[in-house]
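Heads up, the thing below is written out as structure tokens.
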Amino acid sequence: MSDTPAFNPALIQLPPEPHAAVITEFGLQGGHVGPSEVESPWVPFGDSAAIRHLSFDVRTGSVANILWVKGGGRIGTHRHRGAVSAVTLEGSWGYYEYDWIARPGSFVHETPGTAHTLYSDDPQGMKAMFWINGAIEFFDNAGQLTDTFDVFWFINHYVSHCRAHGLPINKALFL
Ligand SMILES: [Fe+2]
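Read in order, the letters of the sequence shown correspond to residues 2 to 176 in our numbering.
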């Protein structure tokens, strides 16, 4: 038997805050997006991938989502204009241009100006959570710019899917 008293969350006291009134007046609450498809569905992205959108911040031009690439799938050559970071959740993946392979628990960071081509040869495909800042430019095999994905592209990807399928638009995704 331990003589440590049971922990009572009701007794937690938040630390003193000199700007509490300003935070109450001007601050924003954080949020929670649960795992269900009602809160955020998988939205198809090409023939072999899907995106589960988690947040859109139109002030900073940043988004968070889970990218799912099915086995044998790839994401076309793209260049980043802002910093990106990712944690791999399932499967494995890499970029043809680099020699590492990301597996569950892997952390990847990508820097503005870099360009690369994502693949997943894993039979299980891959799932990774991405935090994306700024735009991503996509190119065809001839090096011609084909698409620019910014925060509004991601919002449109989510909203147009919801509207086409009669799904509610989750305001909790918009920071
Ligand atoms: Fe990338």
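Even for Gly, the Cβ is constructed at its ideal location relative to N, Cα and C. Computed from a predicted model, the values in this text were never measured in an experiment.
| query | result |
| --- | --- |
| Proximity test, H81 beta-carbon vs ligand 1 heavy atom, cut-off 7 Å | yes |
| For N157, the first and last residue of its enclosing beta strand (DSSP E) | It is not in any beta strand (DSSP E) - N157 instead sits in the alpha helix (DSSP H) that spans V152 to A165. |
| Closer than 7 Å: L119 CB and nearest ligand 1 heavy atom | yes |
| Reduced DSSP category for F27 - H, G, I as helix; E, B as strand; rest coil | helix |
| Neighbourhood of G73 by C-beta, 6 Å cutoff - its chain only, sequence neighbours within 5 removed | none |
| Where K172 sits in the DSSP three-state scheme | helix |
| Contacting residues, own chain, Cβ-Cβ under 8 Å from W69 (five flanking each side not counted) | W43, A50, A51, I52, R53, G126, M127 and K128 |
| CB of R164 within 8 Å of CB of P113, strictly | no |
| V85: CB within 7 Å of a non-hydrogen atom of ligand 1 | yes |
| Extent of the continuous beta strand (DSSP E) run through V109 | F108 to E111 |
| Touch test, the stretch 150-167 against the stretch 92-102, Cβ-Cβ under 8 Å, three pairs minimum | no |
| Presumed contact (8 Å Cβ cut-off) between V34 and L174, rounded CB distance | 7 Å |
| Near ligand 3: E111 beta-carbon under 7 Å from a heavy atom | Ligand 3 is absent from the structure shown, which contains only ligand 1. |
| Nearest to E111 (by Cα), restricted to the options D123, F131 and E18 | F131 |
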